[in-house]
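If you count the sequence shown from 1, position 266 lands on 266 in my numbering, and the numbers rise without skipping. For reference, the structure discussed in these notes is given below.
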Amino acid sequence: MQSGPVIETNVLVPMRDGVRLAADVYRPSASGRFPVLLSRTPYNKNVQAALAKYFVENGYAVVVMDSRGLYASKGEWHPYTDEGRDGYDTQQWIGQQPWADGKIGMFGRSYPGYTQVAAAPYRSEYVKAIMPEAAQSSNFEAIWSWNGIYHLALGLSWGTGQEAIAKGMPRPAPSWVEVMNHLPLKSSMDLIGVHSKFVGDTLDHETYDDFWKAMSIQEKYGDMDVAAYHLTGWYDDLTHETISNFVNMRKLSRSEHARRWQMLLIGPWGHGVRTDPKYGDVDFGPQMATDLRKLHLHWYDYHLKGVRNGLETEAPIRIFVMGENVWRDEQEWPLTRARATRLYLHSSGTANTRMGDGTLSDKTPGAERSDVYAYDPRYPVPTYGGHGSGGGGITRDGAFSIQGPMDQRSTQQRADVLVYTTENLPADTEVTGAAELSLFFSTDVIDTDFFATLSDVYPDGRAILITEGALRTRHRESREMTKLLTPKQTYEVKIPLWETSNVFKAGHRVRLHITSSNFPRFNRNLNSGKPMAEEMEEDIRVAHQVILHDAQHPSSLMLPVVPADAKRGTPQR
1 MQSGPVIETN
11 VLVPMRDGVR
21 LAADVYRPSA
31 SGRFPVLLSR
41 TPYNKNVQAA
51 LAKYFVENGY
61 AVVVMDSRGL
71 YASKGEWHPY
81 TDEGRDGYDT
91 QQWIGQQPWA
101 DGKIGMFGRS
111 YPGYTQVAAA
121 PYRSEYVKAI
131 MPEAAQSSNF
141 EAIWSWNGIY
151 HLALGLSWGT
161 GQEAIAKGMP
171 RPAPSWVEVM
181 NHLPLKSSMD
191 LIGVHSKFVG
201 DTLDHETYDD
211 FWKAMSIQEK
221 YGDMDVAAYH
231 LTGWYDDLTH
241 ETISNFVNMR
251 KLSRSEHARR
261 WQMLLIGPWG
271 HGVRTDPKYG
281 DVDFGPQMAT
291 DLRKLHLHWY
301 DYHLKGVRNG
311 LETEAPIRIF
321 VMGENVWRDE
331 QEWPLTRARA
341 TRLYLHSSGT
351 ANTRMGDGTL
361 SDKTPGAERS
371 DVYAYDPRYP
381 VPTYGGHGSG
391 GGGITRDGAF
401 SIQGPMDQRS
411 TQQRADVLVY
421 TTENLPADTE
431 VTGAAELSLF
441 FSTDVIDTDF
451 FATLSDVYPD
461 GRAILITEGA
471 LRTRHRESRE
481 MTKLLTPKQT
491 YEVKIPLWET
501 SNVFKAGHRV
511 RLHITSSNFP
521 RFNRNLNSGK
531 PMAEEMEEDI
541 RVAHQVILHD
551 AQHPSSLMLP
561 VVPADAKRGT
571 PQR
């Protein structure tokens, strides 16, 4: 009988600058050399013990390392910026160990997914395959901000929590509702009791500048040369960035081998693969379950052990089509068979609330009254559903839940929310890809936000969130610069909605709602045009938003509709 793994704890691995990082090494008790699976994490290497032992039982050695400056590792904690170099140095150390056979794979979700792609441009000769689950590409487009709209709930809590660990302090437990409402943002950490220079920098850098580029891989895809299996969920706050990593590594990686061996799996979950079919207000059925451990072995056995297990015959993309609730294989992303289908916004000027007269149809508008609502930052629309990295609520009592596909009716009954809905659909309608809102608007302030949410309205009235998008108007022309508005001038902006796949069933309706806040997931735009970190209560301006949808200003929603008679991928229940 095979004995348990040989475990060496707190092995100190030297980095190029002499700092030593702590790793736990798990390896089979048998003598010999083994392929190695590496995970580098800021979340305590000890929590990976069970998974590491599972991999050892299947013939791998495993190295799990604490990020620089955290837990048992030496040095100073600087989020993101050290991970590429430290990852490469660790890979080179592993490759020279007597128990390593010269082939390395990597695993991990979220930040440990990022540590994989961050090291990829260094191209260690030992790394043959990685498996980043929910990995960042820039941090500016999603996890820390939504192209300039600050991810308040995550930024303040995660950033200060990690800083507390680095400083040996208790994890902060303030009244998070009080913290989120505090102004100015730059002094929020006074209430938390932990100060993080990194968090302060994320507040100060409102454009995609050198601060963000230092932790981005978006400019480095052409330097990569590794097989990668990317995983995310339709409601992950890293859906878009994970897909971006897949698309660009498939297009720009240095070798044909690396370009061929990019794979992507997207399921009906948020920030992490789920086995519970119930998520938010939807039951996706038992067929949605994915055995993540077996998926890892399938990938690594092929690339690190040379096992011919059929991986080479599998489609590069596997998506879960919501609504139909089936898995489907695809060969490309985005789908070329999807047809850009435009639905125009209509009303007689009273689209406020879901009880209003806002509609969506393929009919182009004529002479129509504009819709108007007042956005008062003192009374923001509360976060409820959508893309997120948390489990339950933002607060301990479960408030402000971000569990993906949640019923939006409570949000859609507010007067500061415009709602546009189709008639009952005569046939099933599949939307797969990224939608886009073309919005004509004017306002009486110099800067404001718009949030657009797509929902699936069931015959019983439930309005289940499908996907969403947002824009801070100062970033309407570029994420690398800001440009304020001229009050009461009409503008057209494009608001991308993140990728999704959903079949709106016959008898259902497609709904779009538009508003100007999503708090406390994102910071409130106080409409002053001032730097967000410095805005005070006295800077608050009420924005009177005018949404135009007439012949000269045809606001519309573009949906990527897959025709029913188009050649389909391979559905699998």
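Every residue gets a Cβ at the ideal spot worked out from N, C-alpha and C, and that includes glycine.
Segment contact: the stretch 508-526 against the stretch 413-420, three or more CB-CB distances shorter than 8 Å; contact assigned. Residue range 100-109 is occupied by the beta strand (DSSP E) that includes Phe107. The beta carbons of Tyr26 and Ala50 sit no closer together than 8 Å. Residue pairing for Glu8: DSSP places it in a beta bridge opposite Val25. Within the DSSP bridge table, the entry for Leu418 names Asn352, Ile514 as partners. The alpha-carbon of Pro28 is positioned some 47 Å away from that of Leu497. Note: Phe451 is bridge-paired with Ala470, Thr515 in the DSSP secondary-structure output. Excluding its 5 nearest sequence neighbours in each direction, Leu191 has C-beta neighbours in its own chain below 7 Å: Pro174, Glu178, Val179, His182, listed in chain order. Here the alpha carbon of Gly105 sits roughly 22 Å from the alpha carbon of Gly4. By the C-beta criterion, the stretch 470-485 is judged not to be in contact with the stretch 373-387, since fewer than 3 inter-stretch pairs fall below 8 Å. Contact between Glu468 and Thr453 holds, since their C-beta atoms are separated by about 5 Å, short of 8 Å. Secondary structure note for Asp329: its beta strand (DSSP E) is the uninterrupted segment 326-330. With contacts defined by Cβ atoms closer than 8 Å, Ala118 and Gly272 do not form a contacting pair.
With fewer than 16 other Cβ atoms from the protein chains shown falling within 10 Å of its own Cβ, Met536 counts as exposed.
In terms of CA proximity to His195, Gly159 leads the group Gly159, Ala228, Tyr279, Asp204. Within the same chain, Cβ atoms closer than 8 Å to the Cβ of Arg293 are found at Leu51, Tyr54, the five residues on either side in sequence being excluded. Taking C-beta atoms as the reference points, Thr364 and Asp357 fail to come closer than 8 Å. Cα atoms of Pro79 and Ser555: separation of roughly 41 Å, rounded to the nearest angstrom. Here the alpha carbons of Arg354 and Ala22 stand approximately 55 Å from one another. Secondary structure within the stretch 271-350: the alpha helix (DSSP H) runs of 4 or more consecutive residues, fully enclosed, are 292-305 (chain order). When secondary structure is reduced to three states using DSSP, Ala49 falls in the helix class. Annotated three-state conformation of Pro496 is strand, per DSSP. One thing to note: Tyr88 has its Cβ within 8 Å of the Cβ of Ser124. Phe441: member of the beta strand (DSSP E) spanning 436-442, first to last residue. Annotated three-state conformation of Asn502 is strand, per DSSP. The DSSP-derived three-state label of Leu70 is coil. For His240, the three-state secondary structure derived from DSSP is helix.
In this structure the stretch 488-497 does not lie against the stretch 524-535, because fewer than three pairs of beta carbons, one per stretch, are closer than 8 Å.
With a cutoff of 8 Å on beta-carbon distance, Pro405 and Gly280 are scored as near each other. In this structure the stretch 364-383 lies against the stretch 548-565, because at least three pairs of beta carbons, one per stretch, are closer than 8 Å. Nearest neighbour of Ala435 by Cα position, chosen from Val561, Gly59, Thr448, turns out to be Val561. As the crow flies, the alpha-carbon of Arg16 is around 20 Å from that of Tyr71. The residue among Val445, Leu345, Asn46 with its C-alpha nearest the C-alpha of Thr9 is Asn46. Contact check for Ser157 and His151: beta-carbon distance about 10 Å, past the 8 Å limit, so the pair fails to qualify. Contact between the stretch 210-229 and the stretch 240-251 is present, with at least three C-beta pairs closer than 8 Å.
The C-beta distance from Val56 to Val62 rounds to 6 Å, short enough to meet the 8 Å contact threshold.
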